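Beneath this line is the structure, given in structure tokens, with notes to follow.
What follows is the structure, given as structure tokens:
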């Protein structure tokens, strides 16, 4: 009778342990599933972050290239503005020289006409 009680107690403990083991295995499987899902999400986020970093680097390179091009265009514009200012400064002198040359041509014509008249 005592052995039967002990056997029944051991059997009950074994059933409890079996049920606990099954619950542990189920919880472990759920945790593994969640862990695998989190790993997958992490990997996707890492890939997304890498893609965005590459895009960001490309955009930064484009911006740097545009900045360099802009600086070159500004330097070209400044050089052209200086050339224009120099030409505008010289233009009145050139106009004066043309007036002098025209006057000299008129003078030479008058001299040639007078010489022919004599």
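In the numbering used here, the protein residues as written are 1162 to 1279.
We treat Cβ as the ideally placed atom computed from N, Cα and C, and that holds for glycine.
Everything numeric in this text was worked out from a predicted model, so none of it was measured.
N- and C-terminal bounds of the alpha helix (DSSP H) containing residue i
| i | result |
| --- | --- |
| residue 1257 | 1163-1278 |
Same chain only: Cβ atoms within 6 Å of residue i, ignoring 5 sequence neighbours per side
| i | result |
| --- | --- |
| residue 1227 | none |
Other residues of its chain near residue i: CB distance less than 8 Å, five sequence neighbours each side excluded
| i | result |
| --- | --- |
| residue 1179 | none |
Same chain, Cβ closer than 7 Å to residue i, five either side skipped, listed in chain order
| i | result |
| --- | --- |
| residue 1271 | none |
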